[in-house]
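*Asks:* Quick note: the sequence shown uses my numbering, first residue 262, plus one each step.
Glycine residues also receive a C-beta, built at the ideal position from the N, C-alpha and C atoms.
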Amino acid sequence: MHDSKEHIVERDWNQPNCLQLLITAAISSNACVRNLTNAPQSIGKKMARSLTDDLNPITTEKHIPSVVQEVFTAMVMHIESTGWGGACHSSSAIMHMLLKEKGVDSTIKIGEVGGGGYWFDHSWIEIDNLVFDAAVAYPQVGGKRLGGPVFAGIDIVSGIETTLTYGIGKKGGLEEEAQQIALLSLGAYFQFADQHALVEAMGNGEQPPPALWDRASYIGTDCGVHRSPAELAREYFEVRRAETYA
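1) Pull the bridge partners of L391 from the DSSP assignment, please.
2) Can at least three beta-carbon pairs, one atom from the stretch 397 to 413 and one from the stretch 445 to 463, be found at a separation below 8 Å?
3) Between which two residues does the beta strand (DSSP E) containing I371 stretch?
4) Determine the closest residue to D455 out of A472, A335, T334 and A462, with distance taken between C-alpha atoms.
5) Looking at G481 and M338, is the spacing between their C-beta atoms short of 9 Å?
6) Less than 9 Å separating the beta-carbons of E331 and K363?
7) What does DSSP give as the partner residue(s) for A503 in the beta ladder?
8) Based on the DSSP secondary-structure assignment, which residues constitute the bridge partners of F412?
9) Are the Cβ atoms of L445 and G372 separated by less than 9 Å?
10) The alpha helix (DSSP H) that contains A449, what's its start and end?
11) For K370, is the classification buried or exposed, using 16 other Cβ atoms within 10 angstroms of its Cβ as the cut-off for buried?
12) Quick check: the Cα distance between S478 and S489, rounded to an integer number of angstroms?
13) For E438, tell me which candidate among V500, T321 and S384 has the shortest Cα-Cα distance.
14) Just confirm the distance between the C-beta atoms of R476 and I355, as a whole number of angstroms; I'd bet it's less than 8 Å.
15) Check D475 in the structure and name its three-state DSSP category.
16) Assign F381 to one of three DSSP states: helix, strand, or coil.
17) Tell me whether V337 sits in a helix, a strand or coil according to DSSP, three-state version.
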């Protein structure tokens, strides 16, 4: 882990190029999933047992609340079983909401993540300065996998502290589209992501993926959070990310 500081930068996201940047960024947030109800249950049960074995020692050693493990497990299982790759901005937002519903405060971070000389813009959550990052193990098409999901700073595949570096400043700063995402509330970002996913699906003759508020509600049921999409939207629409510097 490394020390970091939060810094919110005010920009005018209504500039002409910002909308296109946000729509482009939304591709990786929604494009992979077509029907939540088609997730294979056998995969979920097998993964739940495996994740429990991986996470229990970390939860005990680092005194992590058990509800954090429940939310993290539900997210990893959802990503794995539905093929929701490249969804760091959306999945981190959903984890933040579900943790809050469970009584755990977290911060949604956006910054750079790097390892082995490879850098990319990314979102994750932190609890007491510990990184929780389900999405990093599931890059978008063409992305590079740098390790397993990170739980309390531990790569759960290797079982040791992640070798990834989290924070802006190592590569040189966020790319323009990530800068724009950092400016938006979660609700505004969800709207852009959903709109793009719908247009893309129609263009490809495919069934549109679920709206992100629907997805949040669906994942919530897997970890004991029973809130409707509308209830989650009312509660968390205005939440924002924190830019994080190395």
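*Replies:* In this structure, then:
1) I388
2) no
3) T368 to G376
4) A472
5) no
6) yes
7) K370
8) I415
9) no
10) L447 to N465
11) buried
12) 6 Å
13) S384
14) 7 Å
15) helix
16) strand
17) helix
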